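What follows is one structure encoded as structure tokens, with my remarks underneath.
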Amino acid sequence: MDLGIAGRKAIVCASSRGLGKACARALAEAGCEIVMNGRDAGVLEKAADEIRRTTGARVNAVACDVGLPEGRAALLAACPEPDILVNNNGGPPPKDFRQISHAEMIAGLEANMIAPIALVQATIDGMAARGFGRIIDITSASVRTPLIGLDLSSGARAGLTAFLAAAARAFADRNVTINHILPGVFDTDRIASAGARQAQMRGMTLEAFRAEREKSVPAKRYGRPEEFGHLCAFLASAHAGYITGQSILIDGGAFNTVV
Ligand SMILES: NC(=O)c1ccc[n+]([C@@H]2O[C@H](COP(=O)([O-])OP(=O)(O)OC[C@H]3O[C@@H](n4cnc5c(N)ncnc54)[C@H](OP(=O)(O)O)[C@@H]3O)[C@@H](O)[C@H]2O)c1
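Going left to right, the sequence shown walks through residues 3 to 261 as the numbering used here numbers them.
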């Protein structure tokens, strides 16, 4: 299917690895011009190069922290009029909610709620004026499934979802959509390092831990980042203008519900 977005400009935050990188790749394959981002300039440049080489897309690599105002300013300077914005960032580390300090609480909200909102504020009017805009937030299945220890991450992402719910409706008539993708367990560096920590805590090998976790998912496997990227590209496509304000789970059936 032709996604109808060749030549569109996309900012994909936190995209030098993992789910963000898969979104950047899928948008590049659809013919978009991409701004990729991460804090480690070496890793970012390597990822950008790989996507340039394999897709032929124009890719601008902007090394900065998307959680900081100056980082977001650098992204917008590289792409002042994005048609597509994929909001992503690292998540707060797991911690007992009683132990989270005020400063950690504010940092989590800054990273996973305020930073994406600031980018929406900066870009949505231009999208509306040009009659096309696709905003996609990478949040988490934890917005719908309580996960002990990820309370700050879940709270900030649920806050982001609620904050943007009215904006999604207010801009729908100008062909600007805002949707959220909620990953279950995907095969990325973050999941590998979190899995290694949990396996060690439980005195298991990493292989045994992974096998147990895979067994708990109806699909019996971790998600592949490219599956996530393709969903993102569809939501960014010309065909998805009638989908807005939605939180879409991609989790191999892990969330147990009828509707
Ligand atoms: N993978 C999953 O199964 C899963 C499940 C639920 C939710 N999530 C959420 O989805 C998001 C992406 O996860 P992932 O698994 O793809 O993570 P990952 O493999 O660790 O990749 C994270 C990417 O974000 C970049 N990044 C992190 N902090 C940044 C910052 N402040 N500014 C700019 N770039 C930054 C990293 O590059 P640098 O480190 O070089 O900056 C890297 O490119 C996270 O918020 C995670 O909590 C993931």
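Where is the CB? At the ideal position from N, CA and C, for every residue including glycine. Quick caveat, the model's predicted, so the values are computed rather than measured.
Coil, strand or helix - residue i by DSSP
{"i": "residue 165", "result": "helix"}
{"i": "residue 139", "result": "strand"}
{"i": "residue 181", "result": "strand"}
{"i": "residue 260", "result": "coil"}
{"i": "residue 221", "result": "coil"}
{"i": "residue 251", "result": "strand"}
{"i": "residue 173", "result": "coil"}
Span of the alpha helix (DSSP H) around residue i
{"i": "residue 262", "result": "A question about residue 262 goes unanswered here, because the residues of the chain that appear run from 3 up to 261."}
{"i": "residue 87", "result": "Counting along the chain, residue 87 falls outside any alpha helix (DSSP H), though it belongs to the beta strand (DSSP E) covering 86-89."}
{"i": "residue 195", "result": "191-203"}
{"i": "residue 126", "result": "117-132"}
{"i": "residue 12", "result": "Taken as a continuous stretch (DSSP letters only), residue 12 belongs to no alpha helix (DSSP H), being part of the beta strand (DSSP E) at 11-14."}
{"i": "residue 25", "result": "20-31"}
{"i": "residue 105", "result": "104-111"}
{"i": "residue 55", "result": "43-57"}
{"i": "residue 72", "result": "71-80"}
{"i": "residue 241", "result": "It is not in any alpha helix (DSSP H) - residue 241 carries neither H nor E in the DSSP assignment."}
Endpoints, beta strand (DSSP E) assigned at residue i
{"i": "residue 35", "result": "35-40"}
{"i": "residue 63", "result": "61-65"}
Nearest neighbour of residue i, chosen from the options [CA to CA]
{"i": "residue 14", "options": "226, 118, 177 and 214", "result": "118"}
{"i": "residue 194", "options": "215, 178, 174 and 181", "result": "215"}
{"i": "residue 156", "options": "171, 35, 24 and 186", "result": "186"}
{"i": "residue 127", "options": "94, 86 and 159", "result": "86"}
{"i": "residue 78", "options": "103, 98 and 122", "result": "122"}
{"i": "residue 182", "options": "237, 69 and 203", "result": "237"}
{"i": "residue 233", "options": "21, 9 and 12", "result": "21"}
{"i": "residue 172", "options": "129, 252 and 150", "result": "129"}
{"i": "residue 159", "options": "6, 235, 97 and 92", "result": "92"}
{"i": "residue 96", "options": "175, 153, 177 and 25", "result": "153"}
{"i": "residue 50", "options": "30, 203, 99 and 7", "result": "30"}
{"i": "residue 1", "options": "17, 176 and 137", "result": "This structure cannot settle anything about residue 1, because the visible part of the chain is limited to 3 through 261."}
{"i": "residue 141", "options": "3, 177 and 250", "result": "250"}
{"i": "residue 94", "options": "115, 168, 132 and 81", "result": "115"}
{"i": "residue 48", "options": "23, 253 and 217", "result": "23"}
{"i": "residue 28", "options": "120, 239 and 261", "result": "239"}
{"i": "residue 151", "options": "98, 201, 180 and 124", "result": "98"}
{"i": "residue 90", "options": "18, 167 and 34", "result": "18"}
{"i": "residue 7", "options": "34, 25 and 16", "result": "34"}
{"i": "residue 134", "options": "113, 219, 169 and 175", "result": "175"}
{"i": "residue 124", "options": "100, 253, 53 and 82", "result": "82"}
{"i": "residue 16", "options": "46, 10, 32 and 9", "result": "46"}
{"i": "residue 65", "options": "56, 76, 71 and 55", "result": "76"}
(request) Decide if the region 232-252 is in contact with the region 200-208; the criterion is three or more beta carbon pairs, one per stretch, under 8 Å apart. (result) no
(request) Please confirm if the region 106-114 is in contact with the region 56-63, defined as three or more CB-CB distances below 8 Å between the two stretches. (result) no
(message) Below 8 Å, how does it come out for the region 172-192 and the region 226-234: are there three or more Cβ pairs, yes or no?
(response) Counting C-beta pairs closer than 8 Å gives three or more between the region 172-192 and the region 226-234, which meets the contact rule.
(request) Tell me, please, whether the region 252-259 touches the region 141-148 by the rule of three or more beta-carbon pairs shorter than 8 Å. (result) yes
(request) For the region 158-173 and the region 35-53, state whether three or more C-beta atom pairs, one from each stretch, are separated by less than 8 Å. (result) no
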